[in-house]
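Residue numbers (full-length UniProt numbering): 1 to 74.
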Ligand SMILES: [Zn+2]
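Next up, the structure:
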């Protein structure tokens, strides 16, 4: 027959091992999460080429870059 103290002792060991395992797993997850995912800010915002002044064609209403040759298709 198991004595009460033995049961208590076994339960204590189980709890200690369980808690230790939980801490171990948590530490592993944190350390593995910290390593990657730090390169997100490497990408700088690509500055778009400054749009040239657009001129509206008086004939067809199409906006075209100033100075560029424009042919009215319609
Ligand atoms: Zn036009």
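Beta carbons: idealized from backbone N, C-alpha and C, even for Gly.
Return the CA-CA distance between residue 29 and residue 8, expressed in angstroms with no decimal places. As a first step, residue 29 is located in the chain shown; it is residue number 29 there, counting from the start. As a first step, residue 8 is located in the chain shown; it is residue number 8 there, counting from the start. Taking the straight line joining both Cα atoms gives about 31 Å.
Going by beta carbon distance, what residues of the same chain come within less than 8 Å of residue 59, once the five residues before and after it are set aside? One-based indexing of the chain shown puts residue 59 at position 59. For residue 59, the CB contacts under 8 Å within the same chain, skipping 5 residues up- and downstream, are 72 in chain order.
Roughly how many angstroms separate the alpha carbons of residue 20 and residue 11, rounded to a whole number? By one-based count along the chain shown, residue 20 stands at place 20. By one-based count along the chain shown, residue 11 stands at place 11. For residue 20 and residue 11, the distance between alpha carbons rounds to 14 Å.
According to DSSP, residues forming a beta bridge with residue 64: On the chain shown, position 64 is the one that residue 64 refers to. Paired residues: 55.
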